[in-house]
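Using our numbering, the first residue of the sequence shown is number 1, and each one after it goes up by one.
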Amino acid sequence: DYKFLKSKNGTTGLLLGARCTSGANFLIKKQTVIDSFFKRIGVSREFETGDASFDGACYLATDCAELHQVLTVQPKLRTAIKVILGFSGGGFTAKEIYCRNGRVWIKFDIDAYGINNEVNFIVRKLGHPLSSIVNAMVDLQKTGVRWRDYKLIHSPILSQNIKLPAWLERFS
C-alpha cells in the first residue's frame, strides 16, 4: 500500500506500508542532533545494539525489550533498517519507519515534484527490506511479546513540567 501525504500546498510526503499482524508498536527514525543531545543530558534513554553504525544512525522509540534483543542478534534486520532509512531517490527521502495498527509504514519526505511515477521504483528498491522488518515482527509476536504504544513512552517526560531552555522549547 501507499498513500501520498497532502497539505493545502500540495503533496508533502509518501507513506509506503505493508500489513503486519504482530501488533507491534515502534518508531525507528534517523537519529538527529537533538536526539543525541537529549540522550547525552539524560532526558531520553535509548537502547543501543552495540553496532556503532546502526546506533549512530538510527533512533529507536519503543520500550519492548524483546525488540531490542532481536535487533541485537539480527544484523540482517539492522541492515534492512539502515537501507530503508538511508534511501534517497526518485524524488523521495526516507525519514522514519513505524508500526501501528497492523501496518509497518515507511514515511518519506518529497525532494522534488512530479513524483507520481516513482512509487514503483521505491517499491522495487525497498520491498525486500520492508518485508524483512514485517517478518521479524511476526516472528517476535510468536514469542508472546506484549507491545505498548511508543508514543506513551514520552508522556512521563511531558508530565513532569520540566522547564526547557528557550532555544529547546521549539523542539518539544
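Where a beta carbon is used, it is the ideal one built from N, C-alpha and C, also for glycine.
If I follow the unbroken beta strand (DSSP E) through residue i, where does it start and stop?
i, result
"S7", "Y2 to S7"
"C58", "C58 to A61"
Tell me, which residues are paired with residue i by DSSP?
i, result
"G10", "S7"
"F26", "C99"
"A18", "V104"
"G89", "F92"
"I110", "F92"
Counting along the chain, where does the alpha helix (DSSP H) carrying residue i start and finish?
i, result
"D139", "V119 to Q141"
"T72", "A65 to V73"
"R146", "Unbroken run through R146: none, as it is neither H nor E."
"S227", "Nothing can be reported for residue 227: it is not among the residues displayed for the chain, which extend from 1 to 172."
Are the Cβ atoms of residue i and residue j separated by less than 8 Å?
i, j, result
"L67", "E46", "no"
"R78", "F54", "yes"
"Q186", "G56", "The shown model of the chain, from 1 to 172, leaves out residue 186, and the question about it has no answer."
"V70", "A136", "yes"
Looking at C-beta atoms only, is the number of pairs between the segment 4–11 and the segment 21–30 that lie closer than 8 Å three or more? With the cut-off at 8 Å, the segment 4–11 and the segment 21–30 do not touch.
Touching by the beta-carbon criterion (3+ pairs, under 8 Å), the segment 88–98 and the segment 35–42: Too few Cβ pairs lie closer than 8 Å, so no.
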